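Colleague: Residue numbers (this note's numbering), protein chains in the order written: chain X, 194 to 937; chain L, -5 to 115.
Here it is, the structure in full.
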């Protein structure tokens, strides 16, 4: 794909997202003309772009959709949920067409074409033809729609007789001498439309003695009926423009179109004249003339040279090239534009892989910096140490700024679900309301890209299985309208995304029964709430008897779990029977570089993510109970702990003085017992190979300044192991105080 | 059948334009430079329209137009010249020399034929 096409596809996808969002809002506020414009503009831009890259199948499709939107904008058709549905379908179809273009195919395949045709024929049948006999001919972008002129029915219903262009023309004397014949212009003009009436003005003709037979003295006043725009009409007289006097006034019906166009103009700063030229009410040549006159105003008779030049608008009206109403509307638009411009943030678009390359380099810089630091401290030169520590601080700042570049808001991903919820709730016949919070929460770009699918599964599941039908809800005394919420927030070094519904919650008995049926657990075995909740993430598990279109195929939750684990994240489920379910996806802030806390056990070093470290203390022998039980008394609190030496089976005797790093993960505290504390360390995360994927307790690796490899501890898993051991050793068969949380 | 006289030093342009004209049903006379063109005019060639390039070696297009206009037989013949979007001043100069109009390169066949239709009697 060439660059132009790539830019077109990217831009169009953004436009589509904007259009979709505006459509959904429009359904709720059908009268809002700003929203109608917000829907129209993207369609228009996409069509224009497709024209430039000569992608005809997109032009053709978008053209009809644009016509419908144009009618909507003109108030000829009304917003209805049917129309919104078809237009949303059009959005999807344009998206598909863009994919076809991206794939490099010359034409969409049969199926896609049939889909497009059926959308278009619906639009044509239900909305376009209903108001208008002939399908719109090719409409020039940015120009008043031609149908309007063709419609001889005025808004009042009567025939409009006076709706013609008025052209006032006085030829210069040299026209004939330059080989031009006045009649050819009239003839050429009639190829653009119909000359309804023409008056020849011979007033300039001198007496016979003075008359030069080679000079032209003619003038014409012409009533002209045409669909062409002003620039096209003016172009007819291009060759004599310099020497003749020409005024072209548009028909009255065009005025409303021009004003509508004015309001739909994209928000660029433009001057009054440029605005009028853009919508076609003024031609470039007329503007140039007006400007010339503005700057060449002769001094007033009294010699008041200091008087400022008159405004362009007044000159244009005086020259009879535009109507006063138009100038007024354009001035208003001009004000809006400059106001809006000030508020707009400035953005630069860059390619994502350039950013990735930068992050990689910053990672290497961090490692190299650590190595310099180490050498400097070994050398023991205080000047050198000072210099490297300054360098280190800067590297840290560069790291943070570089990572910040990759952060994008989750809001855009969330907003996509408005559409999903709308469509799916219609399909299911349920009334479901989606609330979104925390859209401004920022996440690494690569995480945001990959979180869409798991979220989709969770949202669909919540709608399909979680939220009950209106009747059931009413019977339970709940509001018939189901509520679904998406929420994102920061929580101790991670980002948490909640998908919550106020439906029936997980049905404990049903899950257990199904699990036994599927052979996932043995009958009669006692399971804690947490373990039961965990079962829904098992492959092939589904409690719904009827397989619906949406979910219930039993693939999904295990895929969700796998996808999220792939992002170094976890998913937790909190459920209360009868009151709803909440899935919490916990994700790391970034995938590339973290602040770490370096600890040592035997000769190896390990990194604990610094966000999770609460405090460090010395392990005192008397604080722990006899060797069997792994918990200690932390200021009156029970703190389960785990020894790295035990966990990784490091041989040899532990040193006399051991340290405990207290960590907090998902609201639970645990201790990790290590030999030595080595301090903070900027950790560039290097993933472990496929071979080590199943290891529990290790999340990745990093390279130290010395060149050694250190393993990054997966604190959450370690905390689980510590807590789990404690629970098991406590293990009375009834799980009395099991937390209602399961880690997956 | 109308005859159009085409003067341009580029063989490619001569060929491409004359192909379009011939397809549209015009007879075409050609010359590779202004001097050759002048000779044909002095010999009284019967044409309905002259299309000339402005940048030619030897006599340039503007001089050429001025010379042609001096010939009594061609005083009112339409003359078009080939120009580009950027040559705005040249345009005025050529008009002053007696040209009727211009064709902006690159032009589509339709644009070319429309302009010709406009100036042909």
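Just so you know, even glycine gets a beta-carbon here, dropped at the ideal spot from N, CA and C.
Quick caveat: nothing in here was measured; it's all calculated off a predicted structure.
Whose Cβ in chain L lies nearer than 7 Å to the Cβ of residue 432 of chain X?
Modeller: Those are 94, 95, listed as they occur along chain L.
Colleague: Quick check on this structure: which residue in X:774, X:583, X:566, X:709 has the alpha carbon closest to the alpha carbon of residue 694 of chain X?
Modeller: The shortest C-alpha separation from residue 694 of chain X is found at X:774.
Colleague: Flag this pair as yes or no: are the beta carbons of residue 97 of chain L and residue 106 of chain L separated by less than 8 Å?
Modeller: Cβ distance < 8 Å, so residue 97 of chain L and residue 106 of chain L count as in contact.
Colleague: According to DSSP, is residue 105 of chain L part of a helix, a strand, or is it coil?
Modeller: In this structure, residue 105 of chain L counts as helix in the three-state DSSP scheme.
Colleague: How is the beta strand (DSSP E) around residue 600 of chain X delimited, first residue to last?
Modeller: Note, residue 600 of chain X: beta strand (DSSP E), 600 to 602.
Colleague: Quick check on residue 65 of chain L - is its C-beta less than 8 Å from some C-beta in chain X?
Modeller: Not closer than 8 Å to any Cβ of chain X, the Cβ of residue 65 of chain L fails to qualify, so no.
Colleague: So residue 417 of chain X packs on residue 376 of chain X, CB below 8 Å; how close in whole Å?
Modeller: Actually they are not in contact, since the Cβ atoms of residue 417 of chain X and residue 376 of chain X sit about 16 Å apart, beyond 8 Å.
Colleague: Nearest by alpha-carbon distance to residue 292 of chain X: which of X:441, X:322, X:201, X:759 is it?
Modeller: Minimum Cα distance to residue 292 of chain X is reached at X:201.
Colleague: What are the partner residues of residue 98 of chain L, as DSSP defines its beta bridges?
Modeller: BP columns for residue 98 of chain L point to L:77.
Colleague: Throw me the rounded Cβ distance for the residue 48 of chain L and residue 88 of chain L pair, which I believe falls under 8 Å.
Modeller: Yes, they are in contact, since the Cβ atoms of residue 48 of chain L and residue 88 of chain L sit about 6 Å apart, within 8 Å.
Colleague: Answer yes or no: does any C-beta atom of chain X fall closer than 8 Å to that of residue 72 of chain L?
Modeller: For residue 72 of chain L, the answer is yes, since a Cβ of chain X falls inside 8 Å of its Cβ.
Colleague: In this structure, does DSSP put residue 309 of chain X in helix, strand or coil?
Modeller: The answer is helix: DSSP assigns residue 309 of chain X an H, G or I state.
Colleague: DSSP three-state label for residue 851 of chain X, please.
Modeller: Here residue 851 of chain X sits in strand by DSSP.
Colleague: Just confirm the distance between the C-beta atoms of residue 864 of chain X and residue 877 of chain X, as a whole number of angstroms; I'd bet it's less than 8 Å.
Modeller: Not really, about 27 Å apart at Cβ, beyond 8 Å.
Colleague: Starting from the C-beta of residue 303 of chain X, find all residues in its chain whose C-beta is less than 8 Å away, skip the five residues before and the five after it, and write them out in chain order.
Modeller: Here the set comprises nothing.
Colleague: Shortest alpha-carbon distance to residue 296 of chain X belongs to which of X:665, X:216, X:248, X:706?
Modeller: The residue with the shortest Cα to Cα distance from residue 296 of chain X is X:248.
Colleague: Hey, quick one: how far does the beta strand (DSSP E) through residue 811 of chain X stretch, first residue to last?
Modeller: Looking at the DSSP string, the run of the beta strand (DSSP E) that includes residue 811 of chain X is 806 to 812.
Colleague: Counting only runs that start and end within the stretch 269 to 302 of chain X, where is the alpha helix (DSSP H) found for 4 or more residues in a row?
Modeller: Qualifying alpha helix (DSSP H) stretches, in chain order: 274 to 295.
Colleague: What residues in its chain sit with their C-beta under 6 Å from that of residue 18 of chain L, if we drop five residues either side in the sequence?
Modeller: Here the set comprises 107.
Colleague: Let me check understanding here. Comparing Cα to Cα, which of X:404, X:564, X:361, X:569 lies closest to residue 437 of chain X?
Modeller: Answer by Cα proximity: X:361.
Colleague: Could you spell out the range, first to last residue, of the alpha helix (DSSP H) harbouring residue 256 of chain X?
Modeller: Residue 256 of chain X -> alpha helix (DSSP H) spans 249 to 266.
Colleague: Could you compute how far the alpha carbon of residue 758 of chain X sits from the alpha carbon of residue 704 of chain X?
Modeller: Between residue 758 of chain X and residue 704 of chain X, the C-alpha separation is close to 23 Å.
Colleague: Which of helix, strand or coil does DSSP assign to residue 564 of chain X?
Modeller: It is helical.
Colleague: How long is the line joining the alpha carbons of residue -4 of chain L and residue 307 of chain X, rounded to whole angstroms?
Modeller: Roughly 49 Å separates the two Cα atoms.
Colleague: Taking the C-alpha atoms as reference points, what is the distance between residue 598 of chain X and residue 545 of chain X?
Modeller: Spanning the two alpha carbons is a distance of roughly 10 Å.
Colleague: From which residue to which residue does the beta strand (DSSP E) around residue 790 of chain X run?
Modeller: 786 to 794 is the span of the beta strand (DSSP E), which, as asked, contains residue 790 of chain X.
Colleague: Does DSSP classify residue 384 of chain X as helix, strand or coil?
Modeller: In the structure shown, residue 384 of chain X sits in coil (DSSP, three-state: anything other than H, G, I, E or B).
Colleague: Name the two residues that bound the continuous beta strand (DSSP E) containing residue 6 of chain L.
Modeller: Per DSSP, residue 6 of chain L belongs to no beta strand (DSSP E); it is in the alpha helix (DSSP H), 5 to 17.
Colleague: On the CB-based measure, 16 or more other CB atoms within 10 Å of its CB, does residue 75 of chain L come out buried or exposed?
Modeller: Flag for residue 75 of chain L reads buried.
Colleague: Where does residue 20 of chain L fall in DSSP's three states?
Modeller: Here residue 20 of chain L sits in coil by DSSP.
Colleague: Okay, do the stretch 710 to 721 of chain X and the stretch 801 to 811 of chain X touch, 3+ Cβ pairs below 8 Å being the bar?
Modeller: At 8 Å Cβ cutoff, the stretches do not touch.
Colleague: For the structure I just gave you, are there three or more beta carbon pairs, one from the stretch 203 to 213 of chain X and one from the stretch 277 to 286 of chain X, closer than 8 Å?
Modeller: Yes, the stretch 203 to 213 of chain X touches the stretch 277 to 286 of chain X.
Colleague: In chain L, what lies closer than 9 Å to residue 435 of chain X by C-beta?
Modeller: Within chain L, the residues near residue 435 of chain X are 86, 89.
Colleague: For residue 451 of chain X, which three-state DSSP category applies?
Modeller: Helix at residue 451 of chain X.
Colleague: Is residue 260 of chain X buried or exposed, if buried means 16 or more other CB atoms sit within 10 Å of its CB?
Modeller: The residue is buried, with at least 16 neighbouring Cβ atoms inside 10 Å.
Colleague: Quick check on the DSSP output: the beta strand (DSSP E) that includes residue 865 of chain X runs from which residue to which?
Modeller: It spans 861 to 867 - the beta strand (DSSP E) in which residue 865 of chain X sits, taken as one unbroken run.
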